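Scroll down for the structure; my scribbles are underneath it.
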Amino acid sequence: MYLYIGLVEIRGVRGYMWLLGRRLYLKLSWRARDTLFLGNLANPLSIAIRLRRLVPKPVDVRAAAYAVAKALAMAKYVAERCRDNPTWKVRTWELKMAVEDAVAYLQWIWPWTTRLFSPRGPPWA
Numbered sequence: 007m008y009l010y011i012g013l014v015e016i017r018g019v020r021g022y023m024w025l026l027g028r029r030l031y032l033k034l035s036w037r038a039r040d041t042l043f044l045g046n047l048a049n050p051l052s053i054a055i056r057l058r059r060l061v062p063k064p065v066d067v068r069a070a071a072y073a074v075a076k077a078l079a080m081a082k083y084v085a086e087r088c089r090d091n092p093t094w095k096v097r098t099w100e101l102k103m104a105v106e107d108a109v110a111y112l113q114w115i116w117p118w119t120t121r122l123f124s125p126r127g128p129p130w131a
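Quick look at the structure:
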């Protein structure tokens, strides 16, 4: 399963985030060596810590976790609206389960991220 999430910017670090299976990647430029493995969706805290290491300025882990939460909310939004498609190689139920597991874990750690995943939809939609 592969899903492109979109452009993400966290205090100077800008790149394209995407999911491959349950793994989250950040691509900083067009070179293959600039693709960074951020972590598994089962552990969003480790993703936030790896993002924090990339940022040149001191950044709170909560700010990095918020960026991960926003990216997960975007992925969930896309998964709910696209159908199973052999061209995209996306099984929506599989993606939705992976994202919802990560979201539940993140909401348990930081309850203030709950507003990103409200039933009315994300704030940017």
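7 is the number of the first residue of the sequence shown in the working numbering; add one for each residue after it.
Glycine included, each C-beta is placed from N, C-alpha and C at the ideal position.
Owing to the predicted nature of the structure, the values given are computational and were not obtained by experimental measurement.
When DSSP labels each residue in this structure, what does Leu-57 get in the three-state scheme?
-> Stepping through the sequence shown from its first residue, residue 57 is reached at position 51. The answer is helix: DSSP assigns Leu-57 an H, G or I state.
Please report the residue range of the beta strand (DSSP E) in which Leu-34 lies.
-> Sequence index remark: in the sequence shown, residue 34 carries index 28 (1-based). Leu-34 -> no beta strand (DSSP E), and no H or E assigned at all.
When the Cα atoms are used, what is the spatial distance from Leu-44 to Gly-21?
-> Taking the sequence shown and counting its residues from 1, the one referred to as residue 44 is at position 38. Taking the sequence shown and counting its residues from 1, the one referred to as residue 21 is at position 15. Cα-Cα distance, rounded: 12 Å.
Among Leu-47, Ile-11, Ala-48, Pro-50, which residue has its Cα nearest to the Cα of Lys-33?
-> Start at 1 with the first residue of the sequence shown, and residue 33 comes out as number 27. Nearest of Leu-47, Ile-11, Ala-48, Pro-50 to Lys-33, Cα basis: Ile-11.
Pro-50 classed as buried or exposed, judged by whether at least 16 other C-beta atoms fall within 10 angstroms = Counting from 1 along the sequence shown, the entry for residue 50 is found at position 44. Around the CB of Pro-50, 16 or more other CB atoms lie within 10 Å, so the residue is classed as buried.
Kindly indicate the opening and closing residues of the beta strand (DSSP E) around Gly-21.
-> Stepping through the sequence shown from its first residue, residue 21 is reached at position 15. Taken as a continuous stretch (DSSP letters only), the beta strand (DSSP E) holding Gly-21 covers 19-26.
May I ask which residues mark the beginning and end of the beta strand (DSSP E) holding Leu-44?
-> Taking the sequence shown and counting its residues from 1, the one referred to as residue 44 is at position 38. First-last of the beta strand (DSSP E) with Leu-44: 41-46.
Inspect the beta-carbon positions of Ala-108 and Leu-60 and report whether they are closer than 8 Å.
-> Translated into the one-based positions of the sequence shown, residue 108 becomes position 102. Translated into the one-based positions of the sequence shown, residue 60 becomes position 54. Going by C-beta atoms, Ala-108 is not nearer than 8 Å to Leu-60.
Would you report the Cα separation of Ala-73 and Ser-35, rounded to the nearest angstrom?
-> Walking along the sequence shown from the start, residue 73 turns up at place 67. Walking along the sequence shown from the start, residue 35 turns up at place 29. Roughly 19 Å between the two C-alpha positions.
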